Amino acid sequence: MAALPPKGTTKRDAVAALSGYVYQIYQSALAWIKASPEGVIWLEVSEDYLMAAGSALKAVQVKETSSRVTINSPGVLAAIDSYVELHLDNPMLQVSLRYLTTSTVGLERKAEDQIDGNPILQEW
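The number in my numbering is simply the position in the sequence shown, starting from 1, with 33 added.
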């Protein structure tokens, strides 16, 4: 008798979460390969990974998502908050943040959240 996969609820599947973790690890590994010899990379410090070289800190938030992102997306706002905190905690260093996502940039709903009718993230 051939073994068939058991029936179960898909509500508890973690395929999307695992895919996100794989993408995050993949991007972290690429960053490590490209890092300068004097550079250091930390995983899950401040953001998904943090690179340091000389007087520079580069925080990277990695998201594998399919929805559009805008300046008002919760993940983007959380990353900006994290950037401000990292900058305040490290005033002597040049701090930057990269929001690395598979999503496309969407247009904000409110005109005051746009720049000349364009998405803020596109103009930024």
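For every residue, glycine included, the Cβ atom is placed at its ideal position computed from N, Cα and C.
For clarity, every value in this text was computed on a predicted model and none was experimentally measured.
Counterpart residues of residue i in DSSP-defined beta bridges
{"i": "VAL138", "result": "VAL102"}
{"i": "ILE153", "result": "DSSP, once it has assigned bridges, lists no residue as partnering ILE153."}
Pair within 8 angstroms by beta-carbon distance, residue i and residue j
{"i": "SER61", "j": "LEU51", "result": "no"}
{"i": "LYS91", "j": "ARG131", "result": "yes"}
{"i": "ASN105", "j": "ASP146", "result": "yes"}
{"i": "ALA89", "j": "SER69", "result": "no"}
{"i": "SER101", "j": "SER129", "result": "For the sequence presented, residue 101 should be read as Arg rather than Ser. In this structure, SER129 does not lie closer than 8 angstroms to ARG101 by Cβ."}
{"i": "VAL138", "j": "LEU154", "result": "yes"}
{"i": "VAL95", "j": "LEU133", "result": "yes"}
Inter-residue Cα distance where the pair is residue i and residue j
{"i": "PRO39", "j": "SER99", "result": "29 angstroms"}
{"i": "GLN127", "j": "GLY150", "result": "31 angstroms"}
{"i": "LEU63", "j": "TYR56", "result": "11 angstroms"}
{"i": "ALA111", "j": "LYS67", "result": "26 angstroms"}
{"i": "GLY53", "j": "VAL93", "result": "14 angstroms"}
{"i": "LYS44", "j": "ILE74", "result": "35 angstroms"}
{"i": "PRO152", "j": "ILE58", "result": "29 angstroms"}
{"i": "THR42", "j": "PRO107", "result": "28 angstroms"}
{"i": "VAL109", "j": "THR103", "result": "7 angstroms"}
{"i": "PRO124", "j": "LEU37", "result": "59 angstroms"}
{"i": "GLU71", "j": "GLU97", "result": "29 angstroms"}
May I have a chain-ordered list of the beta strand (DSSP E) segments no shorter than 3 residues that lie completely inside the stretch 57-133? 73-76, 82-86, 89-96
Touch test, the stretch 107-119 against the stretch 78-98, Cβ-Cβ under 8 angstroms, three pairs minimum: yes
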